[in-house]
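Trainee: Residue numbers (my numbering), protein chains in the order written: chain C, 14 to 214; chain A, 278 to 304.
1. To the nearest angstrom, how far is the alpha carbon of residue 48 (chain C) from that of residue 79 (chain C)?
2. What are the partner residues of residue 104 (chain C), as DSSP defines its beta bridges?
3. Between the region 73-85 of chain C and chain A, which residues of the former have a C-beta closer than 8 Å to a C-beta of the latter?
4. For residue 178 (chain C), report the span of its alpha helix (DSSP H) as first-last.
5. So which residues of chain A does residue 46 (chain C) contact, with C-beta pairs closer than 7 Å?
6. With 8 Å set as the bound, which would you pick, yes or no: does the beta-carbon of residue 278 (chain A) sit closer than that to a beta-carbon of chain C?
7. Unbroken alpha helix (DSSP H) runs of length 4 or more, entirely within the region 57-139 of chain C: which are they?
8. Does the distance from the C-beta atom of residue 161 (chain C) to that of residue 18 (chain C) stay below 8 Å?
9. Per DSSP, which one or two residues make a beta bridge with residue 27 (chain C)?
10. In angstroms with no decimal places, state the Cα-to-Cα distance between residue 138 (chain C) and residue 58 (chain C).
11. Identify the continuous alpha helix (DSSP H) that holds residue 206 (chain C) and give its terminal residues.
12. Would you call residue 153 (chain C) buried or exposed, if buried means 16 or more other Cβ atoms sit within 10 Å of its Cβ?
13. Quick one: any contact between the region 28-42 of chain C and the region 118-133 of chain C, if contact means 3 or more CB pairs under 8 Å?
14. For residue 71 (chain C) versus residue 295 (chain A), is the C-beta spacing smaller than 8 Å?
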């Protein structure tokens, strides 16, 4: 009897209570699955990612997809209007979402999105940062940690030189970006708790 | 509920997308 699915990866926040769990999942996966596929296609283009073992590629993507989606879809959270646009195009005010049961996670997502967007990164910088986010995902499932660490180091070095080149007198931007990594992890943990209450059969 | 991500069948979507071009390479 769940009435709402307050996740912008869904086409809309409303769930038809007559629909079965499977039908709800089918509708959700129409927008969620392509978004995840896009993350995988992005990962394939990260220099060095395909050199990782297949299981490690899967583990990194499994652990990091949520955090990449948060960065990729930060613009869905409109800080000025205090609205969230779902992938189906529907726009909801913060108050409406709170009335549907949204809580701390919504506040934290807004906070994160605002700060990220305020950095005013170029597409190239955002893309490289997103690559760093993916390879910085939780490593508990990783077999060859050294190769993931080496890839992360290479990408962080590339990010630093790109930011320094484009923003010569704003060295704080690079530091702020690295500080986003733990922020993303805590968003991920908060979101995982929500997932525990949502079982897909 | 040990692994929340698998709640969404995430691993399945990822494997298929990753394997996607393996099949292409084999063709």
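Just so you know, even glycine gets a beta-carbon here, dropped at the ideal spot from N, CA and C.
Mentor: In short:
1. 10 Å
2. C:98
3. 74, 75, 76, 78 and 79
4. 158-179
5. 290
6. Here the model assigns residue 278 (chain A) a pLDDT of 42, short of 50, so the residue's position is not dependable, and the following value carries that caveat. Closer than 8 Å: yes.
7. 67-85, 107-112 and 117-131
8. no
9. C:17
10. 15 Å
11. 185-209
12. exposed
13. no
14. yes
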